[in-house]
Amino acid sequence: MSKSLQAIRGMNDILPEQTPLWRYFEGTVARLLDNYGYRQIRMPIVEFTELFKRSIGEVTDIVEKEMYTFDDRNGDSLTLRPEGTASCVRAVLEHGISGGGQVQKLWYIGPMFRHERPQKGRYRQFHQIGLEVFNLEGPDIDAELIVMTWRLWGELGLRDAVKLELNSLGTSESRARYRDALVQFLSAHVDKLDEDSQRRLKTNPLRVLDTKNADTQAILVDAPKMADYLDDESRQHFEGLKARLDAAGIPYVLNPKLVRGLDYYSKTVFEWVTDKLGAQGTVCAGGRYDGLVEQMGGKPTPGVGFAMGIERLVLMLEALDKVPEELSRQVDVYLCAFGEAAELAALALSERVRDQLPNLRLQINAGAGSFKSQFKKADKSGALYALILGDDELAQQVVGFKPLRGQGEQQSIAWDALAAHLATCVVQG
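The opening position of the sequence shown corresponds to residue 13 in our numbering, with each subsequent residue numbered one higher.
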């Protein structure tokens, strides 16, 4: 196949055998967020480029090297969204839905785009579920976001595989003081820093703390600590968050080098990390961005949120064998019909059953075939039971009921009793 007819590198198809696990994960998160009172918002995939330069920061790796940016036919510079917070803030401002101090709890799901080197769990088109809260400034809401994710890990069976890391970046003023102290320290060791850290020292020095270079990490052991530069308000906020996590019994570790890669963060930042995915260990991350709405032209508005990578969490579920067994079965019952009259009756009968059992996964053989070939299809579908409808069954208004998994004899079930029988055998287990 020619290259032009293949998917773009780092932008992957999600095939039918993969989508059940994606839907299970997305559905689990959506139900959880509904239960906590969050409402879904859907934003465009493409935004004006200036939105991301203004919010993320022009000297971040995302804006400098990773965005998919192009000019449209009107000459406007547009960008495929690299993250969701900026788009969500833009939507909140544009539609005035957080005005007057109104609390908004929003969540979104969809693809993001960054031109990075593709590797396992890190792609150029990747998918996130994100959550943003506006007009709540205390540590209670920070704690709620973390408590929700902790509950999610429990529902997915992942609690033993993740670790919560916390830090506080303080206000913009305290962070600026810390930045100056860090630059002064690193400048004295500039010749020993790796090339990427030397570049970041001039553009975004806090990101040096995030380096993976072992030699630079050794230098950072003696670097100034952000905690020593926190203002009283940020310190009290952080202590309040830790007290609430302690009360909820959620374990965490303090990571003074945790800064996140976006300029808009302030006060709380956090990451859920794992060692089950190799180098790509962050599965969910976020924090506060109390100055972002004002930075984008709105009134001062407290904000906090997080995003989780769907690809990485799906990989974790697979790697840790936490995929529910029922996801391997896409069909509960497979109806085999033999002869045109039986096929017509099968269509009507299957719809009657669906009316009574809307959650039953019932599939009818989609084409003519011998008894043997239809049963091969029924078995390959993974169905628990096969229903058989031929001339004899049609005359008696019954259907053959044959278990395909485990023990059990074939029996005849009257049409009027079929839904009740399936409810007992399939729906109720």
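Positions of the beta carbon are idealized from the N, C-alpha and C atoms, including for glycine. This one's a predicted model, so the numbers in the text were calculated from it and none came from an experiment.
- For the pair residue 218 and residue 194, the Cα-to-Cα distance works out to about 8 angstroms.
- Taking 8 angstroms as the cut-off, the Cβ atoms of residue 253 and residue 155 count as close.
- In this structure, the straight-line span from the alpha carbon of residue 303 to that of residue 278 is close to 8 angstroms.
- Residue 399 and residue 335 have their C-alpha atoms roughly 28 angstroms apart.
- A distance below 7 angstroms between beta-carbons, with the five flanking residues on each side excluded, links residue 109 to the following residues of its chain, in chain order: 116.
- The beta-bridge partner set that DSSP reports for residue 83 consists of 89.
- Scanning 401, 327, 135, 49 for the CA closest to the CA of residue 348 turns up 401.
- Residue environment: residue 136 is assigned as buried (16 or more neighbouring CB atoms within 10 Å of its CB, all protein chains considered).
- Contact annotation: residue 118 and residue 57 have beta-carbon atoms that are not nearer than 8 angstroms.
- Going by beta carbons, residue 356 and residue 376 fall outside the 8 angstroms limit.
- Measuring C-alpha to C-alpha distances from residue 34 to each of 325, 297, 310, 257 identifies 325 as the nearest.
- Remark: three or more beta-carbon pairs, one from each stretch, lie closer than 8 angstroms, so the region 157-175 and the region 328-343 are flagged as touching.
- Excluding its 5 nearest sequence neighbours in each direction, residue 94 has C-beta neighbours in its own chain below 7 angstroms: 64, 74, 78, 79, 124, 125, 126, listed in chain order.
- In the DSSP annotation of this structure, the continuous segment of the beta strand (DSSP E) that includes residue 300 starts and ends at 294-300.
- Rounded to the nearest whole angstrom, the C-alpha separation of residue 201 and residue 181 is 23 angstroms.
- With a contact defined as Cβ atoms closer than 8 angstroms, residue 318 and residue 142 qualify at about 7 angstroms.
- Counted as a single uninterrupted DSSP element, the beta strand (DSSP E) harbouring residue 415 occupies residues 410-415.
- Per DSSP, the continuous beta strand (DSSP E) segment holding residue 116 begins and ends at 116-125.
- A distance of 8 angstroms or more separates the beta carbons of residue 47 and residue 178.
- Straight across, the Cα-Cα distance linking residue 129 with residue 290 is about 15 angstroms.
- The Cβ-Cβ distance between residue 323 and residue 138 falls below 8 angstroms.
- Taking C-beta separations shorter than 6 angstroms and ignoring five residues to either side along the sequence, the partners of residue 32 in its chain run 339, following chain order.
- For residue 100, the uninterrupted alpha helix (DSSP H) run begins and ends at 97-107, by DSSP.
- By the C-beta density criterion, residue 21 is exposed, having fewer than 16 other C-beta atoms within 10 angstroms.
- Around residue 23, the same chain offers 136, 137 as residues with beta carbons nearer than 6 angstroms, after the five sequence neighbours per side are excluded.
- DSSP lists 118, 317 as the beta-bridge partner residues of residue 144.
- Three or more Cβ pairs drawn from the region 409-422 and the region 390-399 lie within less than 8 angstroms of each other, which places the two stretches in contact.
- Per DSSP, the beta-bridge partners of residue 175 are 285.
- With respect to residue 97, residue 81 sits apart: the two C-beta atoms are not nearer than 8 angstroms.
- Here the alpha carbons of residue 390 and residue 383 stand approximately 11 angstroms from one another.
- If the five residues before and after residue 424 are omitted, its C-beta is found closer than 8 angstroms to the C-beta atoms of 405, 408, 410, 411, 412, 413, all from its own chain and listed in chain order.
- Ranked by Cα distance from residue 174, the first of 328, 307, 261 is 328.
- Rounded to whole angstroms, the separation of the alpha carbons of residue 280 and residue 270 is 10 angstroms.
- Contact between residue 55 and residue 103 holds, with the beta-carbon distance rounding to 5 angstroms and staying under 8 angstroms.
- Nearest to residue 350 by alpha-carbon distance, out of 85, 26, 403, is 403.
- Spanning the alpha carbons of residue 223 and residue 214 requires a straight line of approximately 15 angstroms.
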